[in-house]
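Notes follow the structure.
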Amino acid sequence: NAGVMQNPRHLVRRRGQEARLRCSPMKGHSHVYWYRQLPEEGLKFMVYLQKENIIDESGMPKERFSAEFPKEGPSILRIQQVVRGDSAAYFCASSPRLGLAGKVLHNEQFFGPGTRLTVL
Amino acid sequence: AQSVAQPEDQVNVAEGNPLTVKCTYSVSGNPYLFWYVQYPNRGLQFLLKYITGDNLVKGSYGFEAEFNKSQTSFHLKKPSALVSDSALYFCAVSPGSYNTDKLIFGTGTRLQVFP
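As you go down the protein sequences, you meet chains P and E in turn. So in this note's numbering, spot 81 of the first sequence is number 81, and the numbers just go up one at a time. So in this note's numbering, spot 112 of the second sequence is number 232, and the numbers just go up one at a time.
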């Protein structure tokens, strides 16, 4: 069973360009989370998605950032008009989130290797 | 506000000695607590979690953690450290909400085990 896959592993963009980060969750996992790690800092939650739904986007910047998890294909984190401050490692995690209907079971999240974005 | 504190930026320990990495939390309701480890240029690997039940939780690679409700702590421990344990360790808490199980991370503690 392959783990969480992220690509590209490294991405270099110039200011003003767009960055697209992809995440394929583990097989059987329908819940995806995106986190951002700035240098020498811990991970900060950005967004939580299920297939075709955004469940919690409380950590997403209000502008330029968007995320989706379509019915088919990977989850995409999109950053428009990147600025130097967007340089960071972006991690995706997935979870099966098993449990009774409507009740979170708080399973561990399985993390991908991350995408390191550098904005020149 | 929900938060996690890891008071030590770095912990140094000699191989074979016991190690402790400290974590305290602030969360409303029942906390769900996790420890993850990060090796250089890698993603996070799950070590262990506390959801409910026994306060002493055993996890991967010989690590364990003790949940202390009165002290709001969840310190990570290992009886005998290995050089290969050297890595960055993150404590995390998940809020007790039915809508989201996002993780709130501490700032991390770098563990250095010396031969």
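Backbone N, C-alpha and C fix where the C-beta goes; we use that ideal spot for every residue, glycine too.
Whose C-beta lies closer than 6 Å to the C-beta of residue i among residues of the same chain, with five residues either side of it excluded?
| i | result |
| --- | --- |
| K198(E) | L139, G182 and F183 |
| D221(E) | S214 |
| S180(E) | L167 |
Where does residue i land, buried or exposed, given buried means 16+ other C-beta within 10 angstroms?
| i | result |
| --- | --- |
| F234(E) | exposed |
| T172(E) | exposed |
| V82(P) | buried |
| Q232(E) | exposed |
| S75(P) | buried |
| K189(E) | exposed |
| V203(E) | exposed |
| S58(P) | exposed |
| G114(P) | buried |
| E18(P) | exposed |
| G112(P) | buried |
| D205(E) | buried |
| A134(E) | exposed |
Between the options, which has its C-alpha nearest residue i's C-alpha?
| i | options | result |
| --- | --- | --- |
| Q50(P) | C23(P), R116(P) and V83(P) | C23(P) |
| V147(E) | H195(E), Q158(E) and A125(E) | A125(E) |
| V32(P) | V83(P), Q17(P) and M46(P) | M46(P) |
| D129(E) | E40(P), E18(P) and P8(P) | E40(P) |
| N7(P) | G16(P), P70(P), Q17(P) and L21(P) | L21(P) |
| Y145(E) | Q191(E), A134(E), K222(E) and A201(E) | Q191(E) |
| Y35(P) | G16(P), D56(P) and K27(P) | D56(P) |
| G73(P) | K27(P), L11(P) and I79(P) | K27(P) |
| G16(P) | K71(P), H10(P) and R84(P) | R84(P) |
| A88(P) | F110(P), V12(P), S66(P) and V4(P) | V12(P) |
| K71(P) | A2(P), H10(P) and P25(P) | P25(P) |
| H195(E) | A201(E), L176(E) and S180(E) | L176(E) |
| N137(E) | S200(E), R230(E) and I224(E) | S200(E) |
| Y170(E) | Y152(E), R162(E), N132(E) and Y156(E) | Y152(E) |
| Q80(P) | R9(P), R14(P) and E108(P) | R14(P) |
| Q122(E) | G149(E), A134(E) and E135(E) | G149(E) |
| G3(P) | A185(E), R162(E), S193(E) and K178(E) | R162(E) |
| L223(E) | S193(E), P160(E), V131(E) and Y156(E) | Y156(E) |
Grab me the residues of residue i's own chain with a C-beta within less than 8 Å of its C-beta, minus the 5 sequence neighbours each way, in chain order.
| i | result |
| --- | --- |
| Q158(E) | L164, Q165, A207, L208, Y209, F210 and G228 |
| G226(E) | V124, A125, Q126, C143, F210, C211 and A212 |
| L43(P) | Y35, R36, Q37 and F91 |
| A67(P) | W34, M46, V47, L49, I54, E57, M60, S75, I76, L77 and R78 |
| V131(E) | L139, T140, V141, T229, R230, L231 and Q232 |
| R131(P) | Since the first and last residues shown for chain P are 1 and 120, residue 131(P) lies out of range. |
Following a CB-centred definition, is residue i positioned closer than 8 Å to any heavy atom of the ligand SAM?
| i | result |
| --- | --- |
| S94(P) | The ligand SAM is not part of the structure shown, which contains no ligands of any sort. |
Spell out the partners DSSP gives residue i in its beta bridges.
| i | result |
| --- | --- |
| A93(P) | Y33(P) and F111(P) |
| C23(P) | Q6(P) and S75(P) |
| G144(E) | The residue asked about is misnamed: residue 144(E) is Thr in this sequence, not Gly. Its beta-bridge partners are A125(E) and S193(E). |
| R230(E) | Q130(E) and L208(E) |
| K13(P) | First, the residue type needs correcting, since residue 13(P) is Arg and not Lys in the sequence shown. In DSSP, R13(P) forms a bridge with V119(P). |
| N188(E) | S193(E) |
| N175(E) | None, per the DSSP bridge assignment. |
My understanding is that residue i touches residue j, with C-beta atoms under 8 Å, so please give their C-beta distance in whole angstroms.
| i | j | result |
| --- | --- | --- |
| D86(P) | L117(P) | 6 Å |
Output needed for residue i: all residues of its chain with C-beta closer than 7 Å, excluding positions within five of it in sequence on either side, in chain order.
| i | result |
| --- | --- |
| S30(P) | Q50 and K51 |
| R64(P) | I79, Q80 and Q81 |
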